[in-house]
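Enquirer: In my numbering, each residue carries its 1-based index in the sequence shown increased by 7.
Heads up, the beta-carbon is just placed ideally off N, CA and C, and yes, glycines get one too.
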Amino acid sequence: MAAIHVLLVDEDPELLELTETFLERNSDDLTVSTETDPETAIDRVVEGDVDCVVSDFRMPGMDGIELYEAMAEHRPELPFFLFTAADRDIETAAAEAGITGYVQKGSGTDHYEELAARIVDAVDA
8 MAAIHVLLVD
18 EDPELLELTE
28 TFLERNSDDL
38 TVSTETDPET
48 AIDRVVEGDV
58 DCVVSDFRMP
68 GMDGIELYEA
78 MAEHRPELPF
88 FLFTAADRDI
98 ETAAAEAGIT
108 GYVQKGSGTD
118 HYEELAARIV
128 DAVDA
């Protein structure tokens, strides 16, 4: 299988680096790039070199659901996950918007393993 190119979007560069490290460690199938600016992330999706997007919910300029909606205008088939510490009520709003999945950030590393597995499943589907 070809590598799955995942674009991580979060305003926190340290958290992006940590998430990138854990995702690539949890799956040999994942190649991860990062972006702190949602507008630039939209441009990268439009260019078409991304297989899946993982985004935080709370970001300056737009939230994760708004980012999904902007990307879906160009690539509605693109798997998109919210990976956030935001309230679980966001999960319902995300599902209603059509987002592929929601993974709650937490302590430990289990959430990274869950996210990696769900990305591979969504892209392979």
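1) So which of E31, E76, R51 and D117 has the shortest CA-CA distance to T107?
2) Per DSSP, what are the beta-bridge partners of G108 in this structure?
3) Work out the CA separation of L37 and L30 for me, nearest whole Å.
4) So, I11 versus D58, is the Cβ gap smaller than 8 Å?
5) Need the endpoints of the beta strand (DSSP E) that V39 sits in, please.
6) Does E54 pass the burial test, meaning 16 or more other C-beta atoms within 10 Å, or should it be called exposed?
7) At the level of alpha carbons, what is the spacing between G115 and E121?
8) Taking 8 Å as the threshold (C-beta atoms), are D63 and E27 in contact?
9) Can you tell me whether DSSP reads V7 as helix, strand or coil?
10) Once the 5 residues before and after K112 are set aside, which same chain residues still bring their CB inside 8 Å of it?
11) Looking at C-alpha atoms only, which residue of V61, E46 and M66 is the closest neighbour of A123?
12) Helix, strand or coil: how does DSSP classify H12 here?
Expert: Reading it off the structure:
1) For T107, the closest C-alpha among the options E31, E76, R51 and D117 is that of E76.
2) Note: G108 sits in a beta bridge opposite F88.
3) Taking the straight line from one Cα to the other gives about 7 Å.
4) Yes, Cβ-Cβ distance for I11 and D58 is below 8 Å.
5) Element bounds for V39: L37 to E42.
6) E54 should be labelled exposed.
7) The alpha-carbon atoms of G115 and E121 are separated by roughly 12 Å.
8) Taking 8 Å as the Cβ cut-off, E27 and D63 do not qualify as a contacting pair.
9) The requested residue 7 does not occur in the structure, where the chain is confined to residues 8 to 132.
10) Once the five neighbours on either side are set aside, the close Cβ partners of K112 are F90, T91, A92 and H118.
11) When only C-alpha atoms are compared, the closest one is V61.
12) The DSSP-derived three-state label of H12 is strand.
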